[in-house]
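Visitor:
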Amino acid sequence: MRAAAAVLLAGLLLGQASTPSVRTRTNDGLHCLHWPVAAGARGQLTWVQSSAGDPVLGAGALDAVTRSGQTWETQLQACGDLDLVEGTRSSSRSIGYLTGGPNENLTLFRSQLCSSVVPGNDPCVAANTCANAYDCWDHPADTVALTTTTYQVATGALLDADVEINAASATPTIVDSPPCAPSALSTSCVANDVQNAMTHELGHFLGLAHSPDPSSTMYASEPIGETSKRVLDPGSKQFVCDVYPQGQASQDCGASSGGTTGGTSSSGCSSAPGGGPLAPGWLLLAILVHRRRCTPSCNPAGEAVSEGGRRALPHPSGSAPPELGSPR
Ligand SMILES: [Zn+2]
Numbered sequence: 021m022r023a024a025a026a027v028l029l030a031g032l033l034l035g036q037a038s039t040p041s042v043r044t045r046t047n048d049g050l051h052c053l054h055w056p057v058a059a060g061a062r063g064q065l066t067w068v069q070s071s072a073g074d075p076v077l078g079a080g081a082l083d084a085v086t087r088s089g090q091t092w093e094t095q096l097q098a099c100g101d102l103d104l105v106e107g108t109r110s111s112s113r114s115i116g117y118l119t120g121g122p123n124e125n126l127t128l129f130r131s132q133l134c135s136s137v138v139p140g141n142d143p144c145v146a147a148n149t150c151a152n153a154y155d156c157w158d159h160p161a162d163t164v165a166l167t168t169t170t171y172q173v174a175t176g177a178l179l180d181a182d183v184e185i186n187a188a189s190a191t192p193t194i195v196d197s198p199p200c201a202p203s204a205l206s207t208s209c210v211a212n213d214v215q216n217a218m219t220h221e222l223g224h225f226l227g228l229a230h231s232p233d234p235s236s237t238m239y240a241s242e243p244i245g246e247t248s249k250r251v252l253d254p255g256s257k258q259f260v261c262d263v264y265p266q267g268q269a270s271q272d273c274g275a276s277s278g279g280t281t282g283g284t285s286s287s288g289c290s291s292a293p294g295g296g297p298l299a300p301g302w303l304l305l306a307i308l309v310h311r312r313r314c315t316p317s318c319n320p321a322g323e324a325v326s327e328g329g330r331r332a333l334p335h336p337s338g339s340a341p342p343e344l345g346s347p348r
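Just so we're on the same page, the numbering used here is the position in the sequence shown counted from 1, plus 20.
(1) Who are the Cβ neighbours of residue 53 in its own chain at under 6 Å, not counting the five residues just before and after it?
(2) Check residue 221 in the structure and name its three-state DSSP category.
(3) Which class does residue 134 belong to by DSSP, given the choice of helix, strand or coil?
(4) Quick one, which of 240, 101, 128, 47 has its alpha-carbon nearest residue 77's?
(5) Any heavy atom of ligand 1 inside 7 Å of the beta-carbon of residue 190?
(6) Buried or exposed for residue 95, going by 16 or more other Cβ atoms inside 10 Å?
(7) When burial is assigned at 16 or more other CB atoms within 10 Å of the CB, is residue 143 buried or exposed?
(8) For residue 10 versus residue 269, is the C-beta distance shorter than 8 Å?
(9) Under the DSSP definition of a beta bridge, which residues are partnered with residue 185?
(10) Okay, do the segment 241 to 260 and the segment 110 to 119 touch, 3+ Cβ pairs below 8 Å being the bar?
(11) Smallest Cα separation from residue 91: which of 229, 219, 274, 267?
(12) Residue 90 by DSSP, collapsed to three states: which one?
(13) Short of 6 Å in beta carbon distance, which residues of its chain neighbour residue 164, apart from the five on each side in sequence? Order them along the chain.
(14) Can you tell me whether DSSP reads residue 255 as helix, strand or coil?
(15) On the CB-based measure, 16 or more other CB atoms within 10 Å of its CB, does residue 345 come out buried or exposed?
(16) I want to check one thing, is the minimum distance from the CB of residue 174 to the heavy atoms of ligand 1 below 7 Å?
(17) For residue 196, which residues from the same chain have a beta carbon less than 8 Å from its beta carbon, with the 5 sequence-adjacent residues on both sides left out?
(18) From what residue to what residue does the alpha helix (DSSP H) around residue 40 run?
(19) How many whole angstroms separate the CB atoms of residue 105 and residue 69, which I take to be in contact at a CB cut-off of 8 Å?
(20) Here's a check: name, in chain order, each residue in its chain whose Cβ is nearer than 8 Å to the Cβ of residue 253, leaving out the five neighbours to either side.
(21) Between the C-alpha atoms of residue 134 and residue 60, what's the straight-line distance to the nearest angstrom?
(22) Rounding to the nearest angstrom, what Cα-Cα distance links residue 278 and residue 261 in this structure?
The structure is reproduced here in structure tokens:
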């Protein structure tokens, strides 16, 4: 009897600790994104921060981003075959992937809205290149950060990943407490915690999609004042062990296996539904939903497709969970 109870308890504990992560798939759904590491090797993935940082928060914002990287690196050290290494600060302000390079895996803060600085007739609007051209936030105003990854469609091998943080219409903060009142956001309380958001984004960076579990680092939204995503949930930790296993090659997934359940669009280059009006229940949330975006390089049959992540895309009906509708 006691043994049976112990087994049951163990099962419950295992259940609690095994909330599955969800992997991001290629547009055709046949592969899962991963940084390639050969069997028996240890990979090194270098990423850099824009030296411009955040003009309001100063050096503390850069430190917060660094801590997010260290959180993943700690887990990679524990069971992974890859190291996430922060390199020297960069003067670049451009996200995306250039065939032939040069490329960097870059994180940066965008401090102005494209809608405020880009003339409506600028060709960059149609070309979807205003973010780099004007150094502006070209995503929904209620999104707090977004990751753009580029990968090989035929294998899921990642080529490049960049993270933009919204310092234009969101309120990035770096203090630990107290949570801001939603009606009184400031940098002296926790509004959109930089480390919280960046830890989530670096999950996308490594190949994770959104989790339906509200307690997960990879859950698609964050309420004002949240800092819990700074700490990796068990499922996200397990992702590292499973996809980047020590001594083995990093892992793809089969077309009918792997962790992806709902959420990853297989709609090729079609854009996800636009951000409809926010339902009242979401007004206090910074929603972190992905949206797929076509770029000039977007070619389902080609070698590389860029996709963005972590954008505000409330479900048109406002029904929960909106984050499962259209990751990236
Ligand atoms: Zn996200």
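Virtual Cβ for every residue (Gly too), placed ideally from N, Cα, C. All values derive from a computational prediction rather than experimental measurement.
Guide: Let me lay it out:
(1) If you ignore the 5 residues before and after residue 53, its C-beta comes within less than 6 Å of the C-beta of 44, 171, 176, 178, 227, all in its own chain and listed in chain order.
(2) Residue 221 falls in the helix class under three-state DSSP.
(3) DSSP places residue 134 in helix when its eight states are reduced to three.
(4) Its Cα nearest to that of residue 77, the residue 128 stands out among 240, 101, 128, 47.
(5) With a cut-off of 7 Å, the C-beta of residue 190 is classified as distant from ligand 1, since no heavy atom of the ligand falls inside that distance.
(6) Flag for residue 95 reads buried.
(7) Using a 10 angstroms sphere on the CB of residue 143, the tally of other CB atoms stays under 16, which defines it as exposed.
(8) Nothing about residue 10 can be read from this structure; the chain reaches only from 21 to 348.
(9) Residue 185 pairs with 129, 165.
(10) Fewer than three Cβ pairs drawn from the segment 241 to 260 and the segment 110 to 119 lie within less than 8 Å of each other, which leaves the two stretches out of contact.
(11) Taking only the C-alpha atoms, the option nearest residue 91 is 219.
(12) Residue state, collapsed to three classes: helix.
(13) The beta carbon of residue 164 sits closer than 6 Å to those of 186, 190, 212, 217, 306, all from its chain and outside the five residues before and after it, given in chain order.
(14) Helix.
(15) Low local confidence applies: a pLDDT of 23 at residue 345 is under 50, so the model's placement there is unreliable, with the coordinate-based value given in what follows. Buried, by the Cβ-count rule.
(16) No, Cβ of residue 174 sits at least 7 Å from all heavy atoms of ligand 1.
(17) Short of 8 Å from the beta carbon of residue 196, and not among the five residues preceding or following it, lie these beta carbons of its own chain, in chain order: 210, 247.
(18) Looking at the DSSP string, residue 40 is not in any alpha helix (DSSP H), and its letter there is neither H nor E.
(19) In this structure residue 105 does not touch residue 69 by the C-beta definition: roughly 12 Å separates them, more than the 8 Å allowed.
(20) In chain order, 39, 231, 233, 235, 236, 237, 238 place their CB closer than 8 Å to the CB of residue 253, counting only its own chain and leaving out the 5 sequence neighbours on each side.
(21) Annotation: residue 134 to residue 60 spans about 46 Å, alpha carbon to alpha carbon.
(22) With a pLDDT of 41 at residue 278, under the threshold of 50, the predicted position of this residue should be treated as unreliable, and no value is reported.
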